[in-house]
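Working notes, beginning with the structure itself.
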């Protein structure tokens, strides 16, 4: 297939390409010899059945190399296409037993729809089935994915092993004596995953498509959580892990040493396909890392690409080596060569005589070529073991002294490249003067657009794992380095010329069609689109639908782009709203308690003030975990819209309450529907793959707590009880209603903030959860509207047709046009009914639970540190206004609005230092360093807050009773603002750091639930903190010791708890972020 268009035509099934293909790769294309033999088999079957009309076939067949293989294929077809179990030969799909019915005597199989028949030629058997498309597709699927095929040599004449893919299937099948799924680790060759994903061949598959450290941590979590929930607390239900070393086509290297440790701990097998690396370069049995090694001998071992075979090596160091050997012998009927045909074995044997020499030469050429391409300006990225994870690869590389023959392994002959955006990969491929087509390891250099050939109908799936559709894979052959290099240079030269011509054309196209700039460049570059039937409208699609055809053929990068500033603005606004909802009552909770219970005084109001403040967290405790789980199902955006809508209403009810019972009821209700902080933590980590953006945005958004402490106390302090603060006549005609509801104004402000936040989320907030579903009540409403609109559309359609039949072609009424709403609703219903997830989608992890999350040590540790510190900072937040309100020697005797002014001033200090401080330290000392630094500064800063009493001295009125705020000295005011501002700045640094660290401990599909659990524990801490703070402070300044000493004691106990938190934080494990 020398041209890009040939690849597309082949995948699209174009007749011109299909008719030109006289032959192809044996697992994908039936050889002409075999087609002839299949026709012969059908004729024989028809005659045995008494059907003399041989040409009038109602059956079809597929050929298998042995009776056992035919039985396995037959069982696969029965289960896959007929959904039947009563016709199975081996119902458990684990033990391979001979068919009790004679394959020749078809009368004994009369009850079966799928039958086997011995052709009595070289052991070949036919599996005969009804001639339907569905069954034929499943039969071909078995042929392709398992590799149990009849080769052309055998077919012409009419066990080492069958082809390499057959060996992977055999290795997969061997462990499946009992229930258990397989793990596919890393993005593999397509048939490996498809084979494991077929329920007819395995009991399920867990797919870890990146195979990197993040996937390793996810795998650890999966194994530990499953083992914890198993009856014996040890079995995760995994029988084997299959991986490639290196992987195809990204040449990634799995960490076999760490995988071996997991396999030993959880008792599963490690099966490695080393075809790309090959055993002339790698020794994967070293240290017993692999239990089984599968190699396709069709590739570089053979070299000529003219015979199919494979090898399966069972490591003698493995715990289950003897058991595996027995199982494989049973699988192959007691022999050690499977169904490999003797002539194929002879061809492979002869071709492999110079295997080691060829491998060394190809290694050298490929490495030089990869180094050269890496420096080319046209190449965006090159995937080659030396550049991907060289250290992991070199650990298993063959050394001359180990073999005793001086041979030294290399990096193999395969690499993949992705060209830069301004280089047309189609032009490059068409002009590259080397052999083109599938396969690898041939003696001649071979190139192909791998993703299009292997994943044409699942490009999004491949793209999700970094396999870009414009990737070109190159298998280096035995040609001279200079010749291959010259072919690449020539292709690059043509690309440069085309680019210059395209730029000139783009300028003209931009003037004529309005597609200048980047849009024109993309549109013109991809005019030859991949999918047939849309080439004429490619430019219009790119322009009108606001997307480039990059999305169609997948040249868009897999890295999520940095979100817009408006998106960040919506996050900032949400955190400000949340901070106001939470913080604003802190300022007036004491005054509210006194208003609700007149018998209280300023010194004794702390308990009730804490009760009012903590009731919000009590409500949030009850639902925060559930909201987190719902956000993993219904989406982050939908949950945020719900919580903001409810907050808008309930905030007003809370502010207008006139009894302690209703105050507590509405405050608890606000907490029940609040989940903003946990979702913001989740959303920020999911919005972008740029770690700098994530870190900076986390610091910026959670830094809004400080802005909240600037706005919330100032606004709520100024608006709370305006009649009591400013006098009877100060509010004019509003005096009477405000006197009856003194705390309505600060809560009305909060309601407005929630409404604005709802609008911002609705307009600017994009969903970060893949494929969320609607809440049940929204689905019901949409379904009702769709049915109603669809009914109207049908009624109008009938009415319009009636009018046309009557010949009334006059003007229609205003409401008689096309019902676009009805058509859109019908289309929505149809799309919803037909939407299905691909069987190759990343299999979901088991749902996260409280037990599974807390069983994971890194997650548990970060959550505990977060909960303890949340308690400390909330106690501090509550004690500060009580300390300022207290009118004995242990407090400052400030009025409510002046407490707000003081706290707002601390917010100014916070804003001046927080963001830049966090940005600086996060780059210098990392997340864990920021965490420890934040707590280390928070502890002494907290205990220094009551020192303002000595700065203030006896300057206030009232002497022993403190003084009026009008006489609060400037020194005391500045000291208090600075020390509280510093405390809040370091607290914000802590929350930003712990957010990133905790998100990194779980998979993205569990982050909503994890942050829900984080909010659950945090809510408990923050629920207990205000009432604890109120009680603690009231007791400390009650007079049993000096009131000033009591204030220091209250803040000192908080600092002690912070010290415990600092010690725990120093032991946290820093993990790379999951994806």
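In the numbering used here, the protein residues as written are 10 to 1084.
Cβ atoms here follow ideal geometry from the backbone N, Cα and C, with glycine treated the same way.
In the structure shown, the three-state DSSP call for residue 326 is coil. Here the segment 479-487 makes contact with the segment 370-381; the two share three or more CB pairs at distances below 8 Å. Residue 252 sits away from residue 206, with the two beta carbons spaced by 8 Å or more. When DSSP reads this structure, residue 406 sits in a beta bridge with 291. If you check the CB distance, residue 954 and residue 988 come in under 8 Å.
Per DSSP, residue 26 lies in no beta strand (DSSP E) segment; the continuous alpha helix (DSSP H) that holds it begins and ends at 24-29. In the structure shown, residue 609 adopts coil according to DSSP, grouped into three states.
For the 8 Å CB-CB criterion, residue 767 and residue 657 form a contact. Residue 198 and residue 223 have their alpha carbons spaced roughly 21 Å apart. Cβ-Cβ separation between residue 10 and residue 446: approximately 5 Å, consistent with a contact (criterion under 8 Å). Membership of residue 84 in the alpha helix (DSSP H) is indicated by the continuous run 76-86. Rounded to the nearest whole angstrom, the C-alpha separation of residue 730 and residue 679 is 21 Å. Residue pairing of residue 270 in beta bridges, as defined by DSSP: absent, with no partner found. Restricting attention to 668, 213, 632, the CA atom closest to the CA of residue 607 is found in 668.
Residue 868 sits close to residue 1010, with the two beta carbons spaced by under 8 Å. Where residue 731 is concerned, the enclosing alpha helix (DSSP H) starts and stops at 731-735. For the options 436, 1073, 129, the alpha carbon positioned closest to that of residue 876 is the one of 1073. By the criterion of a C-beta distance shorter than 6 Å, residue 939 is surrounded in its chain by 930, 931, 998, 1002, once the five residues flanking it on both sides are discounted. Closest in alpha carbon position to residue 1023, among 872, 1050, 1046, is 872. Sorting 919, 71, 692 by C-alpha distance to the C-alpha of residue 576 places 692 at the top. DSSP places residue 441 in the coil class of the three-state scheme, outside both helix and strand. Under the DSSP definition of a beta bridge, residue 319 partners with 305.
Around residue 705, the same chain offers 928 as residues with beta carbons nearer than 7 Å, after the five sequence neighbours per side are excluded. The C-beta distance from residue 136 to residue 73 rounds to 6 Å, short enough to meet the 8 Å contact threshold. Annotation: residue 493 to residue 201 spans about 31 Å, alpha carbon to alpha carbon. Residue environment for residue 440: buried (at least 16 other C-beta atoms within 10 angstroms of its C-beta).
With a cutoff of 8 Å on beta-carbon distance, residue 774 and residue 579 are scored as near each other. Taken through DSSP and simplified to helix, strand or coil, residue 70 comes out as strand. When rounded, the separation of the alpha-carbon atoms in residue 675 and residue 662 is 7 Å. Cβ neighbours of residue 284 within its own chain (closer than 7 Å, five residues either side excluded): 173, 304, 305, 308.
Under the DSSP definition of a beta bridge, residue 249 partners with 191, 278.
Residue 690 sits buried, since 16 or more C-beta atoms from the chains shown fall within 10 Å of its C-beta. Within the segment 908-943, no run of alpha helix (DSSP H) reaches 4 residues while sitting entirely inside it. Shown here, residue 10 sits in coil according to DSSP, grouped into three states, outside any helix or strand. Short of 8 Å from the beta carbon of residue 597, and not among the five residues preceding or following it, lie these beta carbons of its own chain, in chain order: 725, 726, 729, 730, 752, 755, 905. Between residue 599 and residue 894 the beta-carbon gap is near 5 Å, inside 8 Å, which marks them as a contact.
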